[in-house]
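Participant:
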Amino acid sequence: QSSPCDGFEELAKKIANLCGNLPLGLHVVGLSLRGDSRHEWEHQLSKLESSLDRKIEDVLKVGYDKLLKKDQSLFLHIAFFFNNQAVDHLTTMLA
């Protein structure tokens, strides 16, 4: 959907602001919160607000934290072993 559900608009605006309105941050946080309860949105907002430096890493961590443990492990292995590799090369290796 293209806009937040009723009652989520203000939370969405606050989260977008904390993400610096950066497309990647908005995409990651949006995907990780899609279908979640208002309580979960408020929890993630609180985590973003309490971040001292509010760097993009903090925004991306929201998405990482919502991954299943096995997917977190896979992500870390890919990041470690394929650091600075071309995306085409990585896609070919994982296909």
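In terms of our numbering, the sequence shown has 87 at position 85, counting the first letter as 1, and numbering is strictly consecutive. Don't be surprised by glycine CBs; every beta carbon is placed ideally from N, CA and C.
Which residues bound the alpha helix (DSSP H) around Asn86?
Facilitator: Element bounds for Asn86: n/a, residue is neither H nor E.
Participant: Measure the Cβ-Cβ separation of Val64 and Ser39 and say whether it is below 7 Å.
Facilitator: No, these two residues do not count as a Cβ contact at 7 Å.
Participant: To test your reading of the DSSP string, which unbroken beta strand (DSSP E) runs of 3 or more residues are found completely within the stretch 5 to 84?
Facilitator: Within the stretch 5 to 84, no complete beta strand (DSSP E) run reaches 3 residues.
Participant: Nearest-angstrom Cα distance between Gln87 and Leu78?
Facilitator: Roughly 14 Å between the two C-alpha positions.
Participant: Alpha carbon to alpha carbon, how far is Gly37 from Asn85?
Facilitator: The alpha-carbon atoms of Gly37 and Asn85 are separated by roughly 32 Å.
Participant: Give the single residue among Gly9, Trp43, Asp8 and Leu26 whose Cα lies nearest to the Cα of Ile17.
Facilitator: Looking at the Cα atoms, Trp43 is the closest of the given residues.
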